[in-house]
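Notes follow the structure.
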Amino acid sequence: MLLSLSSHPDFDKILEKYISTKDLPTVKDTVFTLKTKGLGEMPQDSQSARGRRSLPGSGTVRASSLTREPLNQTNRESNSHYSCRSQTQSIADKTEYIKQISGLLGSKDFRERIKGIDQLVADCQHNPNMVINSIFPVFDALKARLQESNSKVNLYALESLQKIIHLMKDNLSQVVNILVPAIVDNHLNSKNNAIYSAAIGAINALILNLDNTLLLQPFCTKAQFLSGKAKVDLIEKVADLVTELYPRKPQVVEQKVLPLLWHLLGTSTHSGTIHGRGGSVRGATANLCQALYAQMGSSLSECAASQPANVHKGLNEFLRALS
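Numbered by full-length UniProt numbering, the letters in the sequence shown go through residues 1 to 323 in order.
Following this line, the structure appears as structure tokens:
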């Protein structure tokens with residue numbers, strides 16, 4: 001700056017006017033040295049003077065902050081462009097994946113449908129994020145295979161579903177209401193022992209790998225409205241969930257399970273004519289009463305007090321049998 005100002009014709013007069021007599025010789029010597037030897041090498045950045053420049057009326061500011069701002073703007077634009085491009089690519093990949101896997105699972109050739117099931121299992125193992133990001137259309141396509149009339153594909157889908165559940169675990173919580181009906185609606189009443197066993201295996205896999213709180217409502221609903229051995233099996237599963245969940249979530253269990261119990265007590269017969277592989281509906285209802293009574297004690301009878309007389313009477317009969 002001094003070197004630049006020294007070219008002004010009135011430089012000496014300005015120095016004498018504004019610089020004290022004590023400092024004037026030092027300043028003039030510095031100007032002389034600059035004129036004869038030049039600026040030399042630029043000094044390295046220091047903590048005290050790094051990149052400072054003066055702006056009128058605003059003191060000193062860091063030059064680096066001024067030069068950095070347009071760079072940051074460029075970076076933001078670049079990052080925004082990259083993010084947009086990446087998002088577009090992600091959407092394209094997802095769309096292509098859904099199209100491809102749905103095409104296989106919906107093929108007219110049963111061998112292609114089985115190939116699609118195999119690919120879904122492999123994707124759950126090696127590319128789970130893609131499956132998660134496409135979860136509803138993918139599992140809608142799988143649901144069709146779980147419910148189809150070709151028993152070979154049907155059985156293969158049920159057996160493969162057990163692997164999928166083990167791999168995906170709680171990531172399947174979003175599609176519980178797709179999976180439970182697809183598993184239980186037809187298969188738990190199937191006369192094909194292999195299909196029945198595979199369906200029970202899939203239900204057990206859900207219980208082992210997902211938050212059981214999510215299973216309580218769909219199990220209770222199906223236990224109420226299905227018939228035959230499917231009804232028996234689901235009542236037994238609900239009884240198991242009561243034992244597992246009540247210590248942690250008593251209010252949830254009471255809210256979901258007691259309406260099922262009242263329904264069963266209100267429609268039960270002493271003969272219990274509906275039989276499943278594990279016994280009758282009446283026997284399963286007794287097991288559910290026992291599971292609830294073990295957790296709730298006398299409060300179970302108190303909850304039943306507001307129910308119709310036949311429900312209250314039925315509960316008392318079951319409880320007397322337990323004592």
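C-beta atoms are modelled at their ideal positions from N, C-alpha and C, and glycine is treated no differently.
Predicted model only: the values in this text are computed from it and were never measured.
Alpha carbon to alpha carbon, how far is P247 from L138? Give it in angstroms, no decimals. Note that residue 138 is Val in the sequence shown here, rather than Leu. Distance between the alpha carbons of V138 and P247 is about 36 Å.
Sequence-distant residues of the same chain with beta carbon closer than 7 Å to S271, five excluded per side: Below a pLDDT of 50, predicted positions are generally treated as unreliable, and S271, at 42, falls in that range; no measurement from the model is reported.
Since K256 contacts L216 with CB under 8 Å, what's their CB separation in whole angstroms? 5 Å
Taking the Cβ atom as the reference point for each residue, do L179 and I235 lie within a distance shorter than 8 Å? no
Around the Cβ of N154, are there at least 16 other Cβ atoms within 10 angstroms (buried) or fewer (exposed)? buried
Since N212 is in the alpha helix (DSSP H), which residue starts that stretch and which ends it? N212 to F225
Just the Cα atoms here: how many angstroms apart are N192 and A198? 10 Å
Runs of alpha helix (DSSP H) lying entirely within the segment 167-201, each at least 4 residues, in chain order: 176-187
Would you decide whether R277 is buried or exposed? Buried here means 16 or more other CB atoms lie within 10 Å of its CB. Per-residue confidence for R277 stands at a pLDDT of 48, beneath the threshold of 50, marking its modelled position as unreliable; no derived number is given.
Exposure label - I203; buried when at least 16 CB within 10 Å: buried
Buried or exposed for P218, please, with buried defined as at least 16 other CB atoms from any protein chain shown within 10 angstroms of its CB. buried
Could you give the residue range of the alpha helix (DSSP H) that holds R145? I135 to L146
Quick one: using the 10 Å Cβ neighbour count with 16 as the cut-off for buried, is H187 buried or exposed? buried
Nearest to R145 (by Cα), restricted to the options V311, F110 and E96: F110
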